[in-house]
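Quick note, the working numbering runs 3 ahead of the 1-based positions in the sequence shown. Where is the CB? At the ideal position from N, CA and C, for every residue including glycine.
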Amino acid sequence: IPNLEDVSYSREATIAAMTDYYTFLTRMYMNDSQIVYPPSEGWPSIVNADPAALRSLGKSDEVLSLLAHLPYIRRPGNWNDDVDAIPDYPFAEWPDLISSLVKGWETGKNLRSHTEGVSFTSVAPPHVVGLVDGGHEATPVIVLDTELGIIHWEDYTYPWNIGKNWETVDWDFDDEVSQEEADWRHSATAWAIPDFFEVLKDEYRSMNWIPINAHTVYGSREEWNETSMVAMLRSIYKEHGWPDVVAYRKSECLEAVRNAVVKSHPDSVCSRG
(Lines of atoms letter the chains of each structure in order from A and count residues from 1; the text may use other names and numbers.)
(Lines give C-alpha, C1' and ligand atoms only; values in the text may rest on other atoms or scores of the structure.)
Protein backbone atom coordinates (compact mmCIF):
# COMPACT_ATOMS: atom_id res chain seq x y z
CA ILE A 1 0.00 0.00 0.00
CA PRO A 2 1.56 3.34 -1.02
CA ASN A 3 1.98 6.06 1.58
CA LEU A 4 1.14 9.70 1.04
CA GLU A 5 4.77 10.56 0.35
CA ASP A 6 4.59 8.25 -2.67
CA VAL A 7 1.74 10.29 -4.18
CA SER A 8 1.72 13.85 -5.52
CA TYR A 9 -0.79 16.24 -7.03
CA SER A 10 -0.65 17.55 -10.58
CA ARG A 11 -3.36 19.72 -12.08
CA GLU A 12 -2.45 18.57 -15.58
CA ALA A 13 -2.54 14.90 -14.58
CA THR A 14 -5.89 15.38 -12.84
CA ILE A 15 -7.42 17.02 -15.89
CA ALA A 16 -6.01 14.27 -18.10
CA ALA A 17 -7.38 11.51 -15.85
CA MET A 18 -10.88 12.97 -15.75
CA THR A 19 -10.85 13.67 -19.50
CA ASP A 20 -9.82 10.09 -20.16
CA TYR A 21 -12.59 8.80 -17.91
CA TYR A 22 -15.23 10.82 -19.74
CA THR A 23 -13.88 9.65 -23.09
CA PHE A 24 -14.19 6.08 -21.83
CA LEU A 25 -17.82 6.69 -20.84
CA THR A 26 -18.67 8.08 -24.28
CA ARG A 27 -17.21 4.99 -25.88
CA MET A 28 -19.44 2.79 -23.75
CA TYR A 29 -22.78 4.62 -23.42
CA MET A 30 -22.76 8.42 -23.21
CA ASN A 31 -23.31 10.71 -26.18
CA ASP A 32 -20.28 12.80 -27.12
CA SER A 33 -22.43 15.93 -26.77
CA GLN A 34 -22.97 15.19 -23.08
CA ILE A 35 -19.34 16.11 -22.32
CA VAL A 36 -18.36 19.79 -22.37
CA TYR A 37 -14.80 21.08 -22.46
CA PRO A 38 -13.45 24.43 -21.21
CA PRO A 39 -11.95 27.15 -23.38
CA SER A 40 -8.19 27.50 -22.99
CA GLU A 41 -8.59 30.35 -20.51
CA GLY A 42 -11.02 28.35 -18.36
CA TRP A 43 -14.77 28.36 -17.76
CA PRO A 44 -15.96 32.01 -17.81
CA SER A 45 -18.43 31.45 -14.96
CA ILE A 46 -15.47 30.59 -12.72
CA VAL A 47 -12.56 32.72 -13.96
CA ASN A 48 -14.78 35.83 -14.23
CA ALA A 49 -16.81 35.18 -11.09
CA ASP A 50 -17.29 37.80 -8.41
CA PRO A 51 -14.37 37.35 -5.96
CA ALA A 52 -16.59 37.72 -2.90
CA ALA A 53 -18.89 34.96 -4.14
CA LEU A 54 -15.92 32.68 -4.78
CA ARG A 55 -14.55 33.36 -1.30
CA SER A 56 -17.88 32.26 0.17
CA LEU A 57 -17.26 28.81 -1.30
CA GLY A 58 -14.24 28.51 1.00
CA LYS A 59 -11.93 26.87 -1.54
CA SER A 60 -8.25 27.39 -2.30
CA ASP A 61 -6.98 29.11 -5.42
CA GLU A 62 -5.77 25.76 -6.74
CA VAL A 63 -9.19 24.16 -6.33
CA LEU A 64 -10.78 27.04 -8.23
CA SER A 65 -8.14 26.87 -10.96
CA LEU A 66 -8.66 23.14 -11.31
CA LEU A 67 -12.44 23.50 -11.49
CA ALA A 68 -12.03 26.20 -14.14
CA HIS A 69 -10.12 23.87 -16.46
CA LEU A 70 -11.86 20.50 -16.03
CA PRO A 71 -14.25 18.98 -18.55
CA TYR A 72 -17.73 18.23 -17.23
CA ILE A 73 -20.73 16.06 -17.93
CA ARG A 74 -23.48 18.43 -18.98
CA ARG A 75 -26.31 18.81 -16.46
CA PRO A 76 -29.35 20.41 -18.10
CA GLY A 77 -31.07 20.92 -14.75
CA ASN A 78 -33.69 18.20 -14.90
CA TRP A 79 -33.59 14.56 -13.85
CA ASN A 80 -34.72 13.26 -17.23
CA ASP A 81 -31.66 14.64 -19.02
CA ASP A 82 -29.07 14.12 -16.28
CA VAL A 83 -26.38 11.51 -16.92
CA ASP A 84 -25.01 9.03 -14.39
CA ALA A 85 -21.21 9.05 -14.07
CA ILE A 86 -21.48 6.26 -11.49
CA PRO A 87 -24.62 4.23 -10.74
CA ASP A 88 -27.55 6.50 -9.88
CA TYR A 89 -25.51 9.69 -9.52
CA PRO A 90 -24.19 12.52 -11.71
CA PHE A 91 -20.92 14.30 -11.16
CA ALA A 92 -21.04 17.96 -10.15
CA GLU A 93 -20.97 20.49 -12.98
CA TRP A 94 -19.02 23.14 -11.12
CA PRO A 95 -19.25 25.98 -13.68
CA ASP A 96 -23.03 25.81 -13.34
CA LEU A 97 -22.90 25.49 -9.54
CA ILE A 98 -20.63 28.52 -9.22
CA SER A 99 -22.88 30.48 -11.57
CA SER A 100 -25.76 29.72 -9.19
CA LEU A 101 -23.59 30.88 -6.30
CA VAL A 102 -22.76 34.19 -8.00
CA LYS A 103 -26.44 34.80 -8.83
CA GLY A 104 -27.40 34.23 -5.21
CA TRP A 105 -29.43 31.11 -5.93
CA GLU A 106 -27.12 29.00 -3.77
CA THR A 107 -24.84 29.61 -0.82
CA GLY A 108 -21.29 28.38 -0.45
CA LYS A 109 -22.35 26.38 2.60
CA ASN A 110 -25.11 24.59 0.68
CA LEU A 111 -22.83 23.77 -2.26
CA ARG A 112 -20.20 22.33 0.05
CA SER A 113 -22.81 20.25 1.87
CA HIS A 114 -24.31 18.96 -1.40
CA THR A 115 -20.94 17.92 -2.82
CA GLU A 116 -18.96 16.92 0.28
CA GLY A 117 -21.61 15.44 2.54
CA VAL A 118 -22.75 16.77 5.89
CA SER A 119 -20.20 14.87 7.97
CA PHE A 120 -17.13 15.94 5.99
CA THR A 121 -18.03 19.50 5.02
CA SER A 122 -17.74 20.68 8.63
CA VAL A 123 -14.08 19.56 8.78
CA ALA A 124 -13.04 19.78 5.12
CA PRO A 125 -9.97 21.96 4.41
CA PRO A 126 -10.06 24.49 1.55
CA HIS A 127 -7.85 22.35 -0.69
CA VAL A 128 -10.44 19.58 -1.21
CA VAL A 129 -13.51 19.59 -3.45
CA GLY A 130 -16.46 17.25 -3.93
CA LEU A 131 -17.05 15.50 -7.24
CA VAL A 132 -20.63 14.26 -6.86
CA ASP A 133 -23.67 16.52 -6.64
CA GLY A 134 -26.60 14.60 -5.28
CA GLY A 135 -27.95 16.97 -2.71
CA HIS A 136 -29.31 14.38 -0.29
CA GLU A 137 -28.13 12.16 2.55
CA ALA A 138 -27.52 9.05 0.44
CA THR A 139 -25.28 10.84 -2.07
CA PRO A 140 -21.83 9.20 -2.31
CA VAL A 141 -19.14 11.42 -0.80
CA ILE A 142 -16.20 11.54 -3.21
CA VAL A 143 -13.68 14.33 -2.57
CA LEU A 144 -10.51 15.27 -4.41
CA ASP A 145 -7.53 16.67 -2.49
CA THR A 146 -5.38 19.13 -4.44
CA GLU A 147 -2.56 19.09 -1.90
CA LEU A 148 -2.19 15.36 -1.37
CA GLY A 149 -3.11 14.15 -4.85
CA ILE A 150 -5.72 11.66 -3.63
CA ILE A 151 -9.45 11.04 -3.91
CA HIS A 152 -11.42 9.79 -0.90
CA TRP A 153 -14.63 7.79 -1.27
CA GLU A 154 -16.59 7.51 1.97
CA ASP A 155 -18.29 4.13 2.56
CA TYR A 156 -17.34 3.00 -0.93
CA THR A 157 -17.84 -0.68 -0.02
CA TYR A 158 -21.59 -0.20 0.10
CA PRO A 159 -23.29 -1.11 -2.12
CA TRP A 160 -20.26 -1.89 -4.32
CA ASN A 161 -17.03 -3.48 -3.15
CA ILE A 162 -14.88 -1.86 -5.81
CA GLY A 163 -11.22 -1.26 -6.49
CA LYS A 164 -9.91 -4.72 -5.67
CA ASN A 165 -7.29 -4.51 -8.43
CA TRP A 166 -5.89 -1.13 -7.39
CA GLU A 167 -3.83 -0.17 -4.37
CA THR A 168 -5.34 2.30 -1.96
CA VAL A 169 -3.32 5.07 -0.33
CA ASP A 170 -2.49 4.79 3.36
CA TRP A 171 -3.47 8.14 4.83
CA ASP A 172 -1.06 9.03 7.65
CA PHE A 173 -2.15 11.11 10.60
CA ASP A 174 -1.00 14.71 10.38
CA ASP A 175 -0.54 16.62 13.63
CA GLU A 176 -1.79 19.77 11.90
CA VAL A 177 -5.11 18.11 11.05
CA SER A 178 -7.99 18.11 13.53
CA GLN A 179 -8.98 14.82 15.11
CA GLU A 180 -12.36 15.07 13.40
CA GLU A 181 -10.79 15.41 9.95
CA ALA A 182 -8.32 12.61 10.70
CA ASP A 183 -11.14 10.32 11.80
CA TRP A 184 -13.09 11.02 8.61
CA ARG A 185 -10.10 10.45 6.34
CA HIS A 186 -9.30 7.17 8.05
CA SER A 187 -12.90 6.06 7.48
CA ALA A 188 -12.88 6.95 3.78
CA THR A 189 -10.81 4.88 1.36
CA ALA A 190 -8.32 6.87 -0.74
CA TRP A 191 -6.64 6.31 -4.09
CA ALA A 192 -4.14 8.34 -6.08
CA ILE A 193 -6.18 10.53 -8.44
CA PRO A 194 -5.34 8.70 -11.71
CA ASP A 195 -5.87 5.31 -10.02
CA PHE A 196 -9.31 6.35 -8.80
CA PHE A 197 -10.59 6.83 -12.33
CA GLU A 198 -9.09 3.49 -13.36
CA VAL A 199 -11.00 1.92 -10.46
CA LEU A 200 -14.23 3.34 -11.87
CA LYS A 201 -13.45 2.14 -15.38
CA ASP A 202 -12.80 -1.37 -14.07
CA GLU A 203 -16.34 -1.48 -12.70
CA TYR A 204 -17.69 -0.89 -16.19
CA ARG A 205 -15.26 -3.31 -17.82
CA SER A 206 -16.28 -6.08 -15.41
CA MET A 207 -19.97 -5.19 -15.82
CA ASN A 208 -20.52 -4.55 -12.15
CA TRP A 209 -21.85 -1.21 -13.39
CA ILE A 210 -24.19 -1.60 -16.34
CA PRO A 211 -25.58 1.26 -18.46
CA ILE A 212 -29.09 0.66 -19.78
CA ASN A 213 -29.13 3.76 -22.00
CA ALA A 214 -27.09 6.93 -22.61
CA HIS A 215 -28.18 8.37 -19.25
CA THR A 216 -28.72 5.63 -16.69
CA VAL A 217 -26.26 3.24 -15.02
CA TYR A 218 -27.36 0.41 -12.74
CA GLY A 219 -25.12 -1.15 -10.13
CA SER A 220 -25.38 -4.90 -10.53
CA ARG A 221 -25.26 -5.47 -6.77
CA GLU A 222 -28.30 -3.35 -6.03
CA GLU A 223 -30.91 -5.42 -4.20
CA TRP A 224 -33.75 -4.56 -6.57
CA ASN A 225 -31.76 -5.47 -9.68
CA GLU A 226 -32.69 -9.07 -10.40
CA THR A 227 -29.92 -11.57 -11.03
CA SER A 228 -31.57 -12.66 -14.28
CA MET A 229 -31.53 -9.10 -15.59
CA VAL A 230 -27.85 -8.67 -14.72
CA ALA A 231 -26.95 -11.89 -16.52
CA MET A 232 -29.01 -10.85 -19.54
CA LEU A 233 -27.37 -7.43 -19.79
CA ARG A 234 -23.87 -8.81 -19.37
CA SER A 235 -24.55 -11.28 -22.15
CA ILE A 236 -25.77 -8.54 -24.49
CA TYR A 237 -22.72 -6.37 -23.88
CA LYS A 238 -20.39 -9.32 -24.40
CA GLU A 239 -22.16 -10.24 -27.66
CA HIS A 240 -21.52 -6.70 -28.90
CA GLY A 241 -17.79 -6.78 -28.17
CA TRP A 242 -17.52 -5.29 -24.67
CA PRO A 243 -15.07 -4.72 -22.99
CA ASP A 244 -12.93 -4.51 -26.14
CA VAL A 245 -13.54 -0.85 -27.02
CA VAL A 246 -12.26 -1.42 -30.57
CA ALA A 247 -14.64 -4.30 -31.27
CA TYR A 248 -17.54 -2.88 -29.23
CA ARG A 249 -20.60 -1.82 -31.26
CA LYS A 250 -22.05 0.87 -29.03
CA SER A 251 -25.22 1.91 -30.89
CA GLU A 252 -26.26 -1.66 -31.64
CA CYS A 253 -25.58 -2.71 -28.06
CA LEU A 254 -27.59 0.08 -26.43
CA GLU A 255 -30.50 -0.61 -28.76
CA ALA A 256 -30.37 -4.32 -27.91
CA VAL A 257 -30.23 -3.48 -24.19
CA ARG A 258 -33.25 -1.20 -24.47
CA ASN A 259 -35.32 -3.78 -26.33
CA ALA A 260 -34.35 -6.58 -23.94
CA VAL A 261 -35.19 -4.58 -20.82
CA VAL A 262 -38.56 -3.51 -22.25
CA LYS A 263 -39.43 -7.10 -23.13
CA SER A 264 -38.07 -9.04 -20.17
CA HIS A 265 -37.95 -6.58 -17.25
CA PRO A 266 -40.46 -3.78 -17.97
CA ASP A 267 -40.47 -2.71 -14.31
CA SER A 268 -36.79 -1.77 -14.67
CA VAL A 269 -37.27 0.44 -17.74
CA CYS A 270 -35.96 3.95 -17.12
CA SER A 271 -37.67 6.87 -18.87
CA ARG A 272 -34.59 9.09 -18.80
CA GLY A 273 -33.26 10.22 -22.13
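Take the alpha-carbon of Y32 and the one of A20: they are about 18 Å apart. Per DSSP, reduced to three states, the secondary structure at V265 is helical.
Nearest Cα to G120 within the set Y24, V180, G133: G133. Scanning its chain for C-beta atoms nearer than 7 Å, with the 5 sequence neighbours on each side dropped, one finds around I18 the residues H72, L73, in chain order.
Contact between H155 and A191 is confirmed by a C-beta separation of about 4 Å, below the 8 Å threshold. DSSP places G111 in the helix class (H, G or I) of the three-state scheme.
Here D23 carries a helix assignment [DSSP, helix/strand/coil]. A distance below 7 Å separates the beta carbons of Y12 and G152. Distance between Y92 and A55, taken at the CA atoms: about 30 Å. When C-beta atoms of the region 86 to 100 are compared with those of the region 45 to 63, three or more pairs fall below 8 Å, so the two segments count as touching. Straight-line measurement puts the Cα of E8 at about 10 Å from the Cα of D173. In the three-state reduction of the DSSP assignment, L147 falls in the strand class, which pools E and B. A residue is called buried when at least 16 other Cβ atoms come within 10 angstroms of its Cβ; E183 does not meet this threshold and is exposed.
No Cβ-Cβ contact shorter than 7 Å links S63 with H117. In the structure shown, the three-state DSSP call for P93 is coil. If you look at W212, you'll find it isn't in any alpha helix (DSSP H); it sits in the beta strand (DSSP E) that goes 212 to 214. Beyond the five residues adjoining it in sequence on each side, V220 comes within less than 6 Å, by CB distance, of D87, P90, W212, P214 in the same chain, given in chain order. According to the DSSP assignment, H72 belongs to no beta strand (DSSP E) but to the alpha helix (DSSP H) extending over 64 to 72.
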